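Chemist: Residue 31 in our numbering is what sits at position 26 of the sequence shown, and the numbering runs on without skipping anything.
C-beta: ideal position from N, C-alpha, C; glycine also.
Note that the coordinates shown come from a computational prediction; the quantities given were computed from them, not determined experimentally.
Submitted below is the structure of interest, expressed as structure tokens.
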Amino acid sequence: MKKVIKSVAVAIVSVAMLSSCSTTTPIAATSNPVGNKCGQASTTRILGFGGSANIGINKAAKNAGITKISHVDYSTYSFLGIYSKYTTRVYGE
Numbered sequence: 006m007k008k009v010i011k012s013v014a015v016a017i018v019s020v021a022m023l024s025s026c027s028t029t030t031p032i033a034a035t036s037n038p039v040g041n042k043c044g045q046a047s048t049t050r051i052l053g054f055g056g057s058a059n060i061g062i063n064k065a066a067k068n069a070g071i072t073k074i075s076h077v078d079y080s081t082y083s084f085l086g087i088y089s090k091y092t093t094r095v096y097g098e
């Protein structure tokens with residue numbers, strides 16, 4: 006019985022450690038050259054609450070002083086659905 010409980014505990018801890026997910030998705034691309042600037046706008050949510058509502062392309066471009074956008078990526082990271090981070094990255098000149 007002790008071996009079963011120990012095995013279940015090890016399985017639960019292993020699943021918890023490996024239950025994070027991160028994805029990056031390309032959103033848009035233009036014919037502008039890939040500049041040397043990268044701007045980002047991020048927000049963090051805990052249990053689905055909190056965070057900024059403005060993580061758009063315009064905000065990310067303004068954060069880096071980008072006027073000619075080359076391409077845009079969107080990233081999400083989640084750990085057990087408890088902690089989530091959303092980021093928009095804009096590249097250009």
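Please state the DSSP three-state secondary structure of K64.
Modeler: Taking the first residue of the sequence shown as 1, we reach residue 64 at position 59. Helix at K64.
Chemist: Among residues of its own chain, excluding the 5 on either side of T29, which ones have a beta-carbon nearer than 6 Å to its beta-carbon?
Modeler: Position 24 of the sequence shown, counted from the start, is the residue given in the question as residue 29. The residues are D78 and S80.
Chemist: State the start and end residues of the unbroken beta strand (DSSP E) segment that holds T93.
Modeler: As a first step, residue 93 is located in the sequence shown; it is residue number 88 there, counting from the start. Per DSSP, T93 belongs to the beta strand (DSSP E) from Y88 to G97.
Chemist: Please name the residue in C26, S89, A69 and A34 whose C-alpha comes closest to that of F54.
Modeler: Within the sequence shown, numbered from 1, the residue matching residue 54 stands at position 49. That would be S89, whose Cα lies nearest to the Cα of F54.
Chemist: Are the CB atoms of Y91 and I60 nearer to each other than 7 Å?
Modeler: Position 86 of the sequence shown holds residue 91. Position 55 of the sequence shown holds residue 60. Cβ atoms of Y91 and I60: closer than 7 Å.
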